[in-house]
Amino acid sequence: MKLIIAYIQPYKLNDVKQSLYKAEVFKMSVTNSLGCGQQKGYHESYRGVGMEVNLLKKVRLEIAVNEDFVERTIKAIIEGAKTGQIGDGKIFVLDLPECIRIRTEERGGQAIG
Amino acid sequence: MKLIIAYIQPYKLNDVKQSLYKAEVFKMSVTNSLGCGQQKGYHESYRGVGMEVNLLKKVRLEIAVNEDFVERTIKAIIEGAKTGQIGDGKIFVLDLPECIRIRTEERGGQAIG
Amino acid sequence: MKLIIAYIQPYKLNDVKQSLYKAEVFKMSVTNSLGCGQQKGYHESYRGVGMEVNLLKKVRLEIAVNEDFVERTIKAIIEGAKTGQIGDGKIFVLDLPECIRIRTEERGGQAIG
Amino acid sequence: MEPKVIMDTMWVLITAMLVFFMNLGFAAVESGFARAKNCVNIMSKNFIVFAVSSLGFLTVGWGVMFGDGTGLIGLKGLFFAGGADNSPAMGEAYKGVYSAISWTGVPFWAKFFFQLVFCGTAATIVSGAVCERIKYVSFIVFSFIMTMLIYPVVGHWVWGGGWLSKLGMFDFAGSTVVHSVGGWAALAGVVMLGPRIGKFDNGNIKAIPGHNLSLATLGTFVLWFGWFGFNPGSTMAADPVAIGHIAVTTNTAAAAAIMSATLVSYLLIGKPDLGMTLNGCLAGLVAITAPCAFVSVGASLLIGLIAGVLVVLAVMMFDRLRLDDPVGALSVHLVNGIFGTICVGLFAQDKLTGTATGNGLFYGGGFKLLGYQLTAVVSVGLFVFVISIVAWAVIKGVIGLRVSREEELRGLDIGEHGNEAYSGFQVFTTE
Amino acid sequence: MEPKVIMDTMWVLITAMLVFFMNLGFAAVESGFARAKNCVNIMSKNFIVFAVSSLGFLTVGWGVMFGDGTGLIGLKGLFFAGGADNSPAMGEAYKGVYSAISWTGVPFWAKFFFQLVFCGTAATIVSGAVCERIKYVSFIVFSFIMTMLIYPVVGHWVWGGGWLSKLGMFDFAGSTVVHSVGGWAALAGVVMLGPRIGKFDNGNIKAIPGHNLSLATLGTFVLWFGWFGFNPGSTMAADPVAIGHIAVTTNTAAAAAIMSATLVSYLLIGKPDLGMTLNGCLAGLVAITAPCAFVSVGASLLIGLIAGVLVVLAVMMFDRLRLDDPVGALSVHLVNGIFGTICVGLFAQDKLTGTATGNGLFYGGGFKLLGYQLTAVVSVGLFVFVISIVAWAVIKGVIGLRVSREEELRGLDIGEHGNEAYSGFQVFTTE
Amino acid sequence: MEPKVIMDTMWVLITAMLVFFMNLGFAAVESGFARAKNCVNIMSKNFIVFAVSSLGFLTVGWGVMFGDGTGLIGLKGLFFAGGADNSPAMGEAYKGVYSAISWTGVPFWAKFFFQLVFCGTAATIVSGAVCERIKYVSFIVFSFIMTMLIYPVVGHWVWGGGWLSKLGMFDFAGSTVVHSVGGWAALAGVVMLGPRIGKFDNGNIKAIPGHNLSLATLGTFVLWFGWFGFNPGSTMAADPVAIGHIAVTTNTAAAAAIMSATLVSYLLIGKPDLGMTLNGCLAGLVAITAPCAFVSVGASLLIGLIAGVLVVLAVMMFDRLRLDDPVGALSVHLVNGIFGTICVGLFAQDKLTGTATGNGLFYGGGFKLLGYQLTAVVSVGLFVFVISIVAWAVIKGVIGLRVSREEELRGLDIGEHGNEAYSGFQVFTTE
Ligand SMILES: Nc1ncnc2c1ncn2[C@@H]1O[C@H](COP(=O)(O)OP(=O)(O)O)[C@@H](O)[C@H]1O
Ligand SMILES: Nc1ncnc2c1ncn2[C@@H]1O[C@H](COP(=O)(O)OP(=O)(O)O)[C@@H](O)[C@H]1O
Ligand SMILES: Nc1ncnc2c1ncn2[C@@H]1O[C@H](COP(=O)(O)OP(=O)(O)O)[C@@H](O)[C@H]1O
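Residue numbers (this note's numbering), protein chains in the order written: chain F, 60 to 172; chain B, 60 to 172; chain L, 60 to 172; chain A, 339 to 769; chain Z, 339 to 769; chain W, 339 to 769.
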């Protein structure tokens, strides 16, 4: 099993959810996050004092899937999130040795979905 | 070492903390998260326009433990979070090759606790 | 590649960012989190009823780097976050088999930076 | 029209507007002391309750309260405030069916508007105590009963020429008529509803912090501000000496109660709890409401100091009694409504600003006045509590009182209204 | 000076202050119904707009509105409210160039201040409808045009001795002059701007929830409160019977509209939507603004009930029409401004509080008065909509109307002001 | 009682209520400009400070300010406002120990209440400047000193028949007595406390954004609203011409200052900063406070324009001077309090609304009046700053001024009160 972590532009969340559903990936966890990358930040000021903001609002997805779902999940995320512009985001794939469904205490592959 | 990630129902956080303490797991990190899984969402509306909410509030736990603590930690989480109803949540277990305590720069097993 | 997760004191975020820049680590993701560790909590009360707060505000960093960057990244985080006092935080290092840049669909090492 | 009528009408209307504004204060205090997930529901309740009052008091309440009738209830001109009336004619000159309020020389609708905002206050007090678990519709139904029957009946006893006023009991601006009535009805609601999930888990009392103390503080400021309409306005005439005096007794009691409540909470809790400071202010205001025109500024200081102590102890007591009152409505309005009513019997000085109350106990008046005041406290308490229990019980039987456990956990905002109060904000609800 | 002048001046100034306070209400309602990322911008717009009005109305607006002139526009004493004037002299005794407002016996600057706050209200109405996408500077420019030209011209027609007043059309406190004018200008802005990104994606209507319904609720309370200055104050004289009557018709219409809007939204949407309840209140207030002094309390109840229904249907209709009005300004001010103006023609009772309006249709007055009212609705609508479209178009051409897509996505707070409204809070903006 | 007394009393009390309401405004502005973690503390300070003022001014302050005595201080009827007094008797007819304020014909407690709310304003100004680092108790102690000694002494000089009033210096509503006094005391506090952690790290100035600009905006609206009590009310008599005139000069100055502050911040910072717009409004209001009754509407426009520029430059200057004033209290109240006092000497027109001020410099009055005004600026500045430094120093020695570094980092809400302002919300505090 794999644990897929993806950072995307916040306003792309709905599109990514759509394309994940199309790919029959229905389960995920979403967190808001601040990201610092290639995308340049912006300038804020407060009462005459300026400040550079380089931590931009991003949405973090965490999706646990079985091996055979990895590629389609990645493709789905890209499909939903890609604009070709800097700031689109990243996908990280980790190995996931174990997974447990709390409700049933099932383990492994069948616990994921 | 292992990194245990668990998604639970928010109102179960205190119970889980209790059972983790009982299992002598004292260290953890907690983040709020939105989850989409088997549990069905609910309907909201705003000024006459409806919307389906399927991202439900969840609490995300991150617990790094040594091998010999893995099972008791999992058991403790289940004990605290399980209601037998859809939405109870998931536990993901990742390998954790390295761990450093910033304060002492200790590494590995003794840095975890 | 490795995925480095670090928990630090919130007010140390700027220092850590500085030292990471010095170490030429420019990309990261930041999330707020609540942590429970050695650092003792504090007492709150509300309308005459007391409560122990042991989940303290922490900042969570997630940084994906290539092997050759791992040590300097860890050093940079420690440099920025270390005060020698309880609560300084932890660094966790995970293996990162795969990494994709959504914008270009590049994979692996060159997608990280 | 001669100046006096004009000036009195301006005074009555402007102070009535200030009292109306207190609705905002109650909404802010009560929602601020509750959790974010129930904020829309509380705002809705506190918003619609004045609409309910306006219709309830217009259609029936006014008639029951001020219509000529028996010592117990008004009977004439019962519906739609439609009885004969030749206001602003006063006293002897008055010809109409609302003679109990013919002592003030302002046009009819000005009288009505002023009395309406007081009725609305009594109704809105209930909202806070029953919040975070009551069904929206059930609260609305109760509010109709409150404004068409419960409040007007007590109002008739004290201000509508009923038996208590005949007896010689005095409640200048409504410690009993408004605050105790609201408090008793709230207590009945709290009893019938039971505590919020998690409040008294396995025997120990859990703190359920309010989501927005800024809101609660602003709300308390607004109530303090509105009270300058509530008390000085209750002269229903621009009597310079009286309104000046009342403004100062009112403010002094509030100030003293703020200090004592803060100090006591510091001593008992270890730190000066903002919630207690705010409740202290309201406690002082409620306590001075009945005696504000009858007592000296010095006495108002003393009354305030005591009220501030009472409210802190009461908040803790109700917790011990396992009565879950999320906003402290009982400690503020019930406890101090009673205390304030009694204070008239203790601190009143005859004719201080005109009214012949006779002297209170501490001014050589003996127990006479105090006795009348206590009679009112007991009789009003009994009547309102019993009838409210019945009303809540009937509502419970017919449409139910409390939302489902699942809805309570997710929050009434989504359950009752399908709305979120703070869309976009990360709100972490672990209880 | 004799008492009457003093009392009238106090009344005019105090009610004017209440109307001024409505600026806070509009700011709170409009920002509460919008997203957190645009909150600073909306607050800025609603804050600066009254400064713009103050300068615009002082320099030119007042003269255009009240200066003696033609039936279409004021011409004398045009600039800096500087024409000859011997207020508080009234009627015959008045010698000056602002004779259209010489029916009220208060000093000149009191008249000016009262009229200014009304002008400010009309200007602030626009802010909400065009929010979350309009450039700050473009809004400021339009507000100058609004307060120096558009509002004063219509004001001249109805209140400045212009052709509509001569015709016999009646708008007591401004359903047409203030609310419809604001509404039409807002509609033109909405049309010229187009909807917010994501509102009408691929054909279906998307909900874009407001970020702070506490704020919106407090704001509505403040507006309700301020309306007791808006309507009763429009007597511009402390006439006891009239102001008491108006306070009650105003409040009753609001209460009725709250109930009907809540009920209708419950029936149509399935749950009682707080936003609709709040809009309902405002709808009732706008609708009763024109007729408040001319209709009975019973009629005001009916008017309110209808207004509450209208506003809910209107909100849904504008969505269907793909007109994106984030705060419901059109449904409240335009739709009910028109409705209220018409109600005068339907429910008016001659000389009810003094004014010789003649009777409305339902009181045997036939279609005469109704005809005048409709003439006003149509002519004002045409004039304001057309001139506003032109104004918006010119602004668009010269400085542009709408912020960039990127700025709109990130939020106007950062783009236009470089500020964040809720620094430190985790705000999750996925649209 | 004859109408005049009644009308004047109504005016005095109603405007006093508006000034009281400004406490809400200050609380909202100051907490909105601070961080979420210190919100409960600021709300507590701004809430309790009026209670402190009420008790301090009642027990001693009033007597020091208005008691007959020397040119420097009041001596008669010192305690508990308890001296002989036969108000509302005026002038000759007045028999009592508070003759300095016998020019107004309202009952005693009305005078007291009006003066109390001004004292409260001076005290509350300090709160904002010292926020986010001062100990709760230390602030309370200073507030007692402020309201029992510092403010009343200066008040005696200017309004209590003291040497400055004898000299012929004029401060109509308190640019000096209220705002400069508050400002100087605040400056002393800022100096003694030092900056917040992180504000001036390694030499450069860091922005520490406020947590809630909605709150700050609403607060500023409330202050603007309250100022219509502050300035027009300072007639302490319902003089129609004067109060109308003052309402318009007050509003015009605010409007002009808003525009100029916004423009200047746009030019200097690159974008129109909302915080500067809000401070601009307050700056205009503070600046017009002294001259509001003595200058023309045109002059008020000019005064406002300058005030708006001054406040923006001042905010930046204090940062450069490493004086950490989180809410801009110094720039608003101190700088513009001084500026406004000077404006009397520049723009005053003799007997414009009755008072014989003599003409200011720009109206051919030469430097005479200006000289008196400057004397007041300097003497008051010296007195208040020195005595405040001493007071702060003593408090520092005895109980300490500043919370621990650890507490400051975690926030004073938890440290001082054990509360959280926004329980449940994810607040990200990285400084
Ligand atoms: N090496 C990394 N470690 C952690 N997070 C990263 C890393 N690289 C990118 N991210 C996340 O992805 C987001 C988008 O990356 P960015 O470089 O701005 O866009 P792009 O990858 O298209 O150049 C960043 O804001 C950050 O949250
Ligand atoms: N495959 C997954 N990847 C990421 N998060 C998941 C996954 N499955 C479940 N979750 C998280 O666990 C929560 C509970 O899962 P859910 O399916 O609703 O309950 P149950 O597992 O009892 O059926 C979800 O809301 C989501 O946050
Ligand atoms: N085993 C662990 N698993 C997850 N998070 C941890 C663990 N140990 C520490 N943390 C995180 O690191 C933070 C600091 O740890 P703490 O023990 O308080 O400091 P120190 O490591 O210096 O003793 C904690 O608040 C928690 O967020």
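We put the CB at the ideal spot given by N, CA and C, even for glycine. All figures in this text were calculated on a predicted structure; none of them were measured in a lab.
With fewer than 16 other CB atoms across the displayed protein chains lying within 10 angstroms of its CB, Gln97 (chain B) is exposed. The C-beta separation of Ser638 (chain A) from Thr590 (chain A) comes to about 5 Å, placing the pair in contact by the 8 Å criterion.
Beta-bridge partners of Arg740 (chain W) (DSSP): W:Ile472.
In the structure shown, the three-state DSSP call for Cys619 (chain W) is helix. In terms of beta-carbon proximity, Phe151 (chain B) lines the interface with chain F, with at least one pair separated by less than 8 Å. Between Ser104 (chain B) and chain Z, the shortest Cβ-Cβ separation is below 8 Å. The continuous beta strand (DSSP E) containing Ile150 (chain F) extends over residues Gly148 to Asp154. Taking the Cβ atoms as the reference, Leu120 (chain B) lies roughly 13 Å from Lys61 (chain B), outside the contact range of under 8 Å.
With a threshold of 7 Å, the Cβ atom of Glu121 (chain L) counts as near ligand 1, since some heavy atom of the ligand is closer than that. Within chain Z, the residues whose beta carbon sits less than 8 Å from that of Gly107 (chain B) are Ser603, Leu606, Ile607, Asp611, Met614, Val650, Val653, Met654 and Asp657, listed in sequence order. Taking C-beta atoms under 8 Å as the contact rule, Glu368 (chain Z) and Val673 (chain Z) fail to qualify, at a distance of about 17 Å. Relative to the Cα of Phe364 (chain Z), the nearest Cα in the group Z:Gly698, Z:Val635 and Z:Val670 belongs to Z:Val670. Look at Asn361 (chain A): its C-beta is under 8 Å from a C-beta on chain Z. Distance from the Cα of Gly466 (chain W) is smallest, within the candidate group W:Ala667, W:Ala731, W:Thr679 and W:Val715, for W:Ala667. With a threshold of 8 Å between beta carbons, Leu79 (chain F) makes no contact with chain Z.
Of all residues in the segment 141-168 of chain B, only Leu153, Asp154, Leu155, Pro156, Glu157, Cys158, Ile159, Arg160, Ile161, Arg162 and Glu164 place a beta-carbon less than 8 Å from a beta-carbon of chain L.
Contact fails between the segment 508-523 of chain W and the segment 416-436 of chain W, because fewer than three Cβ pairs, one in each stretch, are under 8 Å apart. Ligand 1 never approaches Asp74 (chain F) closely enough for any of its heavy atoms to be under 7 Å from the residue's Cβ. Listed in chain order, the alpha helix (DSSP H) runs fully inside the segment 632-672 of chain W are 635-658, counting runs of at least 4 residues. DSSP places Val124 (chain B) within a strand segment (E or B) once states are collapsed to three.
Buried is the label assigned to Gly394 (chain Z), since at least 16 other Cβ atoms lie within 10 Å of its Cβ. Put simply, the CB of Lys117 (chain B) is near chain F, with a gap under 8 Å to one of its CB atoms. Those residues of the segment 533-563 of chain Z placed with their C-beta closer than 7 Å to a C-beta in chain F do not exist. Annotated as distal: Phe450 (chain Z) and Ala431 (chain Z), with beta-carbon spacing of 8 Å or more. Contact annotation for Phe766 (chain W) against chain Z: Gly762 and Gln764 [CB-CB distance below 7 Å, chain order]. Residue range Tyr101 to Tyr105 is occupied by the beta strand (DSSP E) that includes Glu103 (chain L). In the DSSP secondary-structure assignment, Gly109 (chain F) is bridged to F:Ser104. In this model, Lys99 (chain B) and Leu661 (chain Z) are separated by some 33 Å (Cα to Cα). For Ile63 (chain F), the beta-bridge partners assigned by DSSP are F:Ile122 and F:Val152. Taking the Cβ atoms as the reference, Val579 (chain A) lies roughly 29 Å from Gly618 (chain A), outside the contact range of under 8 Å.
Exposure of Val724 (chain Z) is indicated by the presence of fewer than 16 other C-beta atoms within 10 angstroms of its C-beta.
At a beta-carbon threshold of 7 Å, the residues of chain A lying near Met110 (chain L) are Ala545, ordered along the chain. What Gly666 (chain W) touches in chain F, judged by beta-carbon distance under 8 Å, is Arg106, going in chain order. At least 8 Å separates the beta-carbon of Gly148 (chain B) from that of Ala82 (chain B).
Exclusion of the five residues before and after Ile478 (chain Z) leaves Ile386 and Val390 as the residues of its chain whose Cβ lies within less than 7 Å of its Cβ.
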